[in-house]
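First up is the structure itself, then whatever we jot down about it.
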């Protein structure tokens, strides 16, 4: 019996179509990156008790920090600085559960995001910023039923409505109209 000899044929790989596609995709992707510039807001996660024990050297300065806190409630904002509720008697951390800043639209449903007085909150933030020009951090907490859009609008009011930090993220100086632009959102408040 005669055996058939098997001959291997060499097939040449044609990489030209793949190279053409890559040649066209690289400039297109680079151009798309130029048009899609992104800006972000740094939001720090909630701090835990163990993390509070570790103090930075920066916090050990003689200057007392502001510790501005805003609590979003159904009936308005409660503002406190350095553990002292705005409007409370000296020595008491808080007088009542009443809001410091009431609603702009009394009786409006929670889904009406304009029910809160964001202009008065921004004015109060400007007052604190004049007293503490180097402070940038604010802690925001809310009742469980407060919509996320309300918290976002609260962050915008505390940062300042004219605050544009996109260029500052690229290394430029933070604009003077930016108030408290580094929010810490606390969860689980009731």
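In the working numbering, the protein residues as written are 59 to 248.
Quick reminder that beta carbons are idealized off the backbone N, C-alpha and C, glycines included.
Pairwise C-alpha distance: residue j and residue i
i: residue 74; j: residue 90; result: 25 Å
i: residue 124; j: residue 218; result: 18 Å
i: residue 192; j: residue 245; result: 26 Å
i: residue 232; j: residue 223; result: 6 Å
i: residue 81; j: residue 214; result: 43 Å
i: residue 72; j: residue 83; result: 19 Å
i: residue 66; j: residue 87; result: 41 Å
i: residue 240; j: residue 194; result: 6 Å
i: residue 93; j: residue 126; result: 37 Å
i: residue 190; j: residue 182; result: 12 Å
i: residue 134; j: residue 227; result: 32 Å
i: residue 68; j: residue 85; result: 35 Å
i: residue 165; j: residue 122; result: 39 Å
i: residue 61; j: residue 76; result: 41 Å
Which of helix, strand or coil DSSP assigns to residue i
i: residue 93; result: helix
i: residue 135; result: strand
i: residue 159; result: strand
i: residue 69; result: coil
i: residue 109; result: At residue 109 the pLDDT is 44, less than 50, meaning the model places this residue with poor confidence; the figure from the coordinates comes in the next sentence. The answer is helix: DSSP assigns residue 109 an H, G or I state.
i: residue 85; result: helix
i: residue 124; result: coil
i: residue 241; result: strand
i: residue 63; result: coil
i: residue 142; result: strand
Cutoff 8 Å; reference residue i; Cβ partners in own chain excluding five residues on either side
i: residue 130; result: 174, 198, 199, 200, 201, 204, 208, 209 and 212
i: residue 107; result: Per-residue confidence for residue 107 stands at a pLDDT of 48, beneath the threshold of 50, marking its modelled position as unreliable; the derived number appears in the next sentence. So the list is empty, once near-sequence residues are dropped.
i: residue 132; result: 168, 201, 203 and 204
i: residue 160; result: 133, 134 and 175
Beta-carbon contacts of residue i that lie in its chain and below 7 Å, excluding the five residues immediately before and after
i: residue 163; result: 170, 172 and 173
i: residue 136; result: 129, 143, 157 and 158
Anticipated Cβ contact below 8 Å, residue i with residue j, distance rounded
i: residue 196; j: residue 216; result: 5 Å
i: residue 220; j: residue 235; result: 4 Å
i: residue 139; j: residue 176; result: Not really, about 19 Å apart at Cβ, beyond 8 Å.
i: residue 155; j: residue 237; result: Going by Cβ atoms, the distance from residue 155 to residue 237 rounds to 26 Å, so no, they are not a contact pair.
Other residues of its chain near residue i: CB distance less than 6 Å, five sequence neighbours each side excluded
i: residue 188; result: none
Cutoff 8 Å: residue i Cβ touching any chain B Cβ
i: residue 181; result: Checking the listed chains, one finds no chain B in this structure; it contains a single protein chain.
Going along the chain, which unbroken runs of the alpha helix (DSSP H) with 4 or more residues stay wholly within the stretch 192-233? Those alpha helix (DSSP H) runs which fall completely within the stretch 192-233 and span 4+ residues are 206-217.
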